[in-house]
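Novice: Read top to bottom, the protein sequences are chains A and B.
Our numbering applies: residue 729 is where the first sequence begins, and numbers increase by one.
Our numbering applies: residue 66 is where the second sequence begins, and numbers increase by one.
Let me give you the structure first, and then I'll get to my questions.
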Amino acid sequence: MSVLTRRLVASLPGAAVAITTIAAGSLLWGLGTGAWARFSLGFFTQAPTGAGRTGGIAPMLFSTLVVVALALALAAPVGLGAALFLHDRLESARGAGRVLVRTGVDVLGAVPSIVFGMFGNALFVRTLGFGFSLLSGSLTLAIMIVPLLIRVVVSGLETTPEAHLQAGAALGLGRATMVRAVLLPAALPALVAGLVLGTARALAETAALLFTSGYADRMPASVWDSGRTLSVHIYDLTMNVPGGNASAQATAAALVLGVFIVELLASGIVLYISRGRSQGEDA
Amino acid sequence: MTKLELLPGGRQPRDVVQVESLSVNYGARVVLDGVSLRAARGRLLALLGPSGAGKSTLLHCLNRMTDLVPGCRVEGTIRLDGRDVHRAVPVTMLRRQVGLIFQKPNPFPLSIWRNLELPLREHVTSNRAELADRIEDVLEAVGLWKEVQGRLDDRAETLSGGQQQRLCVARALTLSPKVLLLDEPTSALDPVATRVMEDLITRLKSELALVMVTHDPSQARRLADDLAVLVEGPRGGGIIAEQGPTGQLLERPAHAMTVAYLGNWRSR
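Following this line, the structure appears as C-alpha cells:
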C-alpha cells in the first residue's frame, strides 16, 4: 500500500464525519433561518389560520404530544412484557426457533409505515369504530413501535450477567422477583433507548397517521377526536396549501427541536443510570 | 458465631447429605460415574481433584442447579435428611436448605440491604423489624456488620471482592440452610481476603454441613474434616478415587490415583 493510499484510507473516517456534520448542519441552518422569522410565542400557542399559512401550531403540538405519549404508554408495557417472554423462550429455544422469532420481530419492525396505516385504518378506524381519532393513531403507532422496543430490550436483557441469574436460581427466587429485582434494572437503559427511538419514529410518522388520526387542524377535545400531528401538518402545508412552505419550514424546525429535546432528556437519563452502575463497578 | 441461630429446632441427623451411585451425563458425555458420599452436620467435606473430574458438577447436583443445564441427565440418589431431593423435596425448598456459594462473588446489582432482603422477602418474612433483625444477624455472622452498618444502601458492587463474597455467604445464610456448598469460594480472592473467608468457613462449620470444592490440598488440610478425591474414571466420568479423614488421606493416600494426584503437592 502506497503512502498516498494509506493517507487516503486514514482520512476516510474524518471525511465521513465532516460530510455528515455538514449535511446535518446545512439542514438545521436551512430550517433555522427559514423558521426564525415565524418563531414567536404565538406560533406555539395559537391555532392556524389561512389553512396554516398564518397563525400557529398549538393544536398540532397538542395532538402530537397526545398521540406520541399515548402510543409510548401503550407500547412500553407490551414491548417490555413481550421482550421478557421472548428472552425466556429464546434462551431455551433451539437454533431454528430462535432465528424464526428474531426474524419475525425484525420483519415486523421493517414493515413500511403506510402498511401499518392501512392496517390501523381497517382495524381501529372502521372495524372497531374508533373513527379518525387520536386513539386510532396512537394504537397504530404503538403497534409500529412494539417490534423496535422488543428488539432493543431483548438485546439489553441478553447483557444480564449469567452469574446474577445463577445466584437467583440458587436462592430459589421466583421468576417475578428475578424480573423485578435483576432483569428490569439490567434492561432499563435499553428500554429508555428503545423509547427514544420509538419517540423519534412516532414524531416523524406521517403515512400511518394520515390513515388513522386524520388531519383536522382544530384543537382535539378528547382522544376520540381527529387531530393533526406536526408531521402531517408539514405534509399538508407542503403538498396541499399553496404558499404554505414557510409555515411548513417553521413547523419542521419545531419538530426537530422537539426531537432534540427528547434525545437530550433520554441521554441524560441513560447517563445517570450508567454513571450509577460504573461507580459501583469502579469501586 | 454470634446470636444467629442457623439451625432452629432440634438436632439434625449426623449425615445431612447422602449421595448414592450418582451418575451425570451432559448429552453423551459422562461427567460423573457412580459417585457415593456423605456430608455431615458440623463437618466440612472437601472435594479435591484435577480440573474436569466433575467436582463442581457434583456440588451443583446437591441443590439441583444441574436442572438448569440443557441436556443434563442425573441418575442415582441424593438424600437430604433422608429425603430424596428429586422425588420428595420441591426444588425451591431444596435450594432454601442447600445454599450455594460460587467461585466469583455474584451479588445482585442492588444495594447491600436489598441483596439480603430479596431472599428473605421471597421465603421468610416481609415484616420490616424481622427483616432488619435477620439482616443484622447474618451480617454479624459473616463479620461484615461493623464494616457495612452505615452504608447498607450502598450498591453491593462498591464492596471489595472479599466483602462481596462474604455478602454472598450472608445472603445464603438468610434462609437458614442446613447445608452450604462452596465452589472454590476463595479462588477469586487475594491472600488477605482468602484468610478472612477461611476463618468464616471454619466458624460456619460448627453450625452447618459444608461441602467445598477446592484445587488446593493445602486449603483442604486447613479447613476440611473429610476429603474426597475425584479423578477421571475408566469411562471418562469422574469417580471418587478415595475418601476419608483429611489428615489421614493427605498423609497416607492408599489409592494409586490419589498418590499420583497429590504427588506434586506432597513433594513441595
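Backbone N, C-alpha and C fix where the C-beta goes; we use that ideal spot for every residue, glycine too.
How would you list, in chain order, the residues of chain B whose beta-carbon sits under 9 Å from the beta-carbon of Gly902(A)?
Specialist: As a working note, residue 902(A) is residue 174 in the first sequence. Ordered by position in chain B, the residues that pass the 9 Å Cβ test against Gly902(A) are Thr157, Glu187.
Novice: Examine the Cβ distances between the region 159-170 of chain B and the region 220-231 of chain B and report whether three or more of them are shorter than 8 Å.
Specialist: yes
Novice: Assuming His244(B) contacts Val81(B) (C-beta within less than 8 Å), just tell me the rounded distance between them.
Specialist: Translated into positions along the second sequence, residue 244(B) becomes position 179. Translated into positions along the second sequence, residue 81(B) becomes position 16. Note on identity: in this sequence residue 244(B) is Val, with His being the wrong assignment. Their Cβ separation, rounded to whole angstroms, is 6 Å, which keeps Val244(B) and Val81(B) in contact under 8 Å.
Novice: Spell out a yes or no on whether the region 175-183 of chain B and the region 109-128 of chain B are touching, meaning 3 or more CB-CB pairs, one atom from each, closer than 8 Å.
Specialist: no
Novice: May I ask you to list the residues that DSSP assigns as paired with Ile166(B)?
Specialist: For this step, residue 166(B) is matched to residue 101 along the second sequence. Leu247(B), per the DSSP bridge assignment.
Novice: Can the beta-carbon of Val203(B) be found less than 8 Å from the beta-carbon of Leu265(B)?
Specialist: Position 138 of the second sequence, counted from the first residue, corresponds to residue 203(B). Position 200 of the second sequence, counted from the first residue, corresponds to residue 265(B). Against a cut-off of 8 Å, the Cβ pair of Leu265(B) and Val203(B) comes out as no contact.
Novice: Report yes if the CB atom of Ala786(A) is closer than 8 Å to the CB atom of Val882(A), and no otherwise.
Specialist: Position 58 of the first sequence holds residue 786(A). Position 154 of the first sequence holds residue 882(A). No; because the gap between Cβ atoms is not below 8 Å, this pair is not in contact.
Novice: Please report the straight-line C-alpha distance between Arg781(A) and Ala974(A), rounded to a whole angstrom.
Specialist: Counting from 1 along the first sequence, the entry for residue 781(A) is found at position 53. Counting from 1 along the first sequence, the entry for residue 974(A) is found at position 246. Roughly 8 Å separates the two Cα atoms.
Novice: Quick one: what does DSSP say Gly955(A) is sitting in, helix, strand or coil?
Specialist: Here residue 955(A) corresponds to residue number 227 of the first sequence, with the count starting at 1. Gly955(A) carries a coil assignment under DSSP once its states are collapsed to helix, strand and coil.
Novice: Whether or not the region 92-111 of chain B and the region 288-308 of chain B are in contact is what I'm after, with contact meaning three or more pairs of Cβ atoms, one per stretch, closer than 8 Å; do they touch?
Specialist: yes
Novice: Closest to Tyr326(B) by CA distance: which of Leu240(B), Ser191(B), Val296(B), Ala274(B) is it?
Specialist: On the second sequence, position 261 is the one that residue 326(B) refers to. Out of Leu240(B), Ser191(B), Val296(B), Ala274(B), Val296(B) has the C-alpha closest to the C-alpha of Tyr326(B).
Novice: Taking a contact to mean a Cβ-Cβ separation below 8 Å, would you say Tyr963(A) touches Thr934(A) in this structure?
Specialist: As a working mapping, residue 963(A) is identified with position 235 in the first sequence. As a working mapping, residue 934(A) is identified with position 206 in the first sequence. Going by C-beta atoms, Tyr963(A) is nearer than 8 Å to Thr934(A).
Novice: Does any residue of chain A have a CB that is nearer than 8 Å to the CB of Leu133(B)?
Specialist: By 1-based counting over the second sequence, the position of residue 133(B) is 68. Yes, its Cβ sits closer than 8 Å to a Cβ of chain A.
Novice: In the DSSP assignment, the beta strand (DSSP E) including Glu297(B) goes from what residue to what residue?
Specialist: As a position in the second sequence, residue 297(B) is number 232, starting the count at 1. Residues 291-297.
Novice: For Asp80(B), name the three-state secondary structure that DSSP assigns.
Specialist: Here residue 80(B) refers to the residue found at position 15 of the second sequence. Residue state, collapsed to three classes: strand.
Novice: On the premise that Leu145(B) lies in contact with Val163(B), defined as a C-beta separation below 8 Å, what is that separation, rounded to the nearest angstrom?
Specialist: On the second sequence, residue 163(B) is found 98 positions in, with the first residue counted as 1. On the second sequence, residue 145(B) is found 80 positions in, with the first residue counted as 1. At roughly 7 Å, the Cβ-Cβ gap stays under 8 Å, so Val163(B) and Leu145(B) are in contact.
Novice: Does any heavy atom of the ligand GTP sit closer than 7 Å to the C-beta of Val874(A)?
Specialist: Looking at this structure, you won't find the ligand GTP or any other ligand, since it has none at all.
Novice: From Thr748(A) to Gly807(A), what does the alpha carbon distance come to, in whole angstroms?
Specialist: For the purposes of this step, residue 748(A) is identified with residue 20 of the first sequence, where counting begins at 1. For the purposes of this step, residue 807(A) is identified with residue 79 of the first sequence, where counting begins at 1. Here the alpha carbons of Gly807(A) and Thr748(A) stand approximately 32 Å from one another.
Novice: Which whole-angstrom value is the C-beta distance of Gly107(B) and Lys270(B), which I expect to be below 8 Å?
Specialist: Taking the second sequence and counting its residues from 1, one reaches residue 107(B) at position 42. Taking the second sequence and counting its residues from 1, one reaches residue 270(B) at position 205. That belief holds up - the Cβ atoms of Gly107(B) and Lys270(B) are roughly 7 Å apart, short of 8 Å.
Novice: Give me the chain B residues within the contact set of Pro805(A), using Cβ-Cβ distance strictly less than 7 Å, ordered along the chain.
Specialist: Along the first sequence, one-based indexing puts residue 805(A) at 77. Pro805(A) does not reach chain B, its nearest Cβ partner there being about 23 Å away, counting only Cβ pairs nearer than 7 Å.
Novice: Identify the contact partners of His892(A) in chain B, using a Cβ-Cβ distance below 9 Å as the criterion.
Specialist: Stepping through the first sequence from its first residue, residue 892(A) is reached at position 164. What His892(A) touches in chain B: Asn171, Pro172, Phe173, Pro174.
Novice: Tell me, please, whether the CB atom of Leu69(B) is closer than 8 Å to any CB atom in chain A?
Specialist: As a first step, residue 69(B) must be located in the second sequence, where it is residue number 4. With a pLDDT of 42 at Leu69(B), under the threshold of 50, the predicted position of this residue should be treated as unreliable, and no value is reported.
Novice: Within the same chain, show all residues whose beta-carbon is closer than 6 Å to that of Arg138(B), passing over the 5 residues directly before and after it, in chain order.
Specialist: By 1-based counting over the second sequence, the position of residue 138(B) is 73. Cβ within range, chain order: Asn90.
Novice: From Val234(B), Leu175(B), Ala319(B), Ala194(B), pick the residue whose C-alpha is nearest to that of Arg268(B); which is it?
Specialist: Sequence index remark: in the second sequence, residue 268(B) carries index 203 (1-based). The option with the nearest alpha carbon to Arg268(B) is Val234(B).
Novice: Under three-state DSSP, which class holds Ile304(B)?
Specialist: By one-based count along the second sequence, residue 304(B) stands at place 239. Here Ile304(B) sits in strand by DSSP.
Novice: Please report whether the beta-carbon of Asn128(B) lies at a distance below 8 Å from any beta-carbon of chain A.
Specialist: Position 63 of the second sequence, counted from the start, is the residue given in the question as residue 128(B). It does; some Cβ of chain A falls within 8 Å.
Novice: Identify, in the order they occur along the chain, each residue of the same chain with its Cβ nearer than 8 Å to the Cβ of Ala253(B), setting aside the five sequence neighbours on each side.
Specialist: Position 188 of the second sequence, counted from the first residue, corresponds to residue 253(B). If we look at Ala253(B) and ignore the five residues flanking it on each side, its Cβ neighbours are Gln168, Lys169, Pro170, Gly226, Gln230.
Novice: Identify the continuous alpha helix (DSSP H) that holds Leu288(B) and give its terminal residues.
Specialist: Taking the first residue of the second sequence as position 1, residue 288(B) is located at position 223. Looking at the DSSP string, the run of the alpha helix (DSSP H) that includes Leu288(B) is 282-288.
Novice: Restricting to Cα atoms, I'd like to know which of Met872(A), Ile997(A), Glu886(A) is closest to Val795(A).
Specialist: Residue mapping note: residue 795(A) aligns to position 67 of the first sequence, counting from 1. It is Met872(A) whose Cα lies nearest to the Cα of Val795(A).
Novice: Using 8 Å as the threshold, is the C-beta distance between Pro174(B) and Pro913(A) below it?
Specialist: On the second sequence, position 109 is the one that residue 174(B) refers to. On the first sequence, position 185 is the one that residue 913(A) refers to. Contact: yes.
Novice: Just reading off the beta strand (DSSP E) that Glu886(A) is part of, what are its end residues?
Specialist: Working through the first sequence from its first residue, we reach residue 886(A) at position 158. Careful: Glu886(A) lies outside any beta strand (DSSP E) and carries neither H nor E.
Novice: Strictly under 8 Å for the Cβ-Cβ distance: is Val910(A) near chain B by that measure?
Specialist: On the first sequence, residue 910(A) is found 182 positions in, with the first residue counted as 1. Closer than 8 Å to some Cβ of chain B, the Cβ of Val910(A) qualifies, so yes.
Novice: So Arg160(B) contacts chain A; which residues on that side make the cut at Cβ distance below 7 Å?
Specialist: Working through the second sequence from its first residue, we reach residue 160(B) at position 95. Near Arg160(B) (Cβ distances below 7 Å), the residues of chain A are Ala898, Leu899, Gly900.
Novice: To the nearest whole angstrom, what separates the beta carbons of Val987(A) and Ala928(A), a pair I think is in contact under 8 Å?
Specialist: Here residue 987(A) corresponds to residue number 259 of the first sequence, with the count starting at 1. Here residue 928(A) corresponds to residue number 200 of the first sequence, with the count starting at 1. Confirmed, Cβ separation roughly 6 Å.
Novice: On the three-state DSSP scale, how would you describe Arg106(B)?
Specialist: Residue numbering aside, residue 106(B) sits at position 41 when the second sequence is read from its first letter. Coil.
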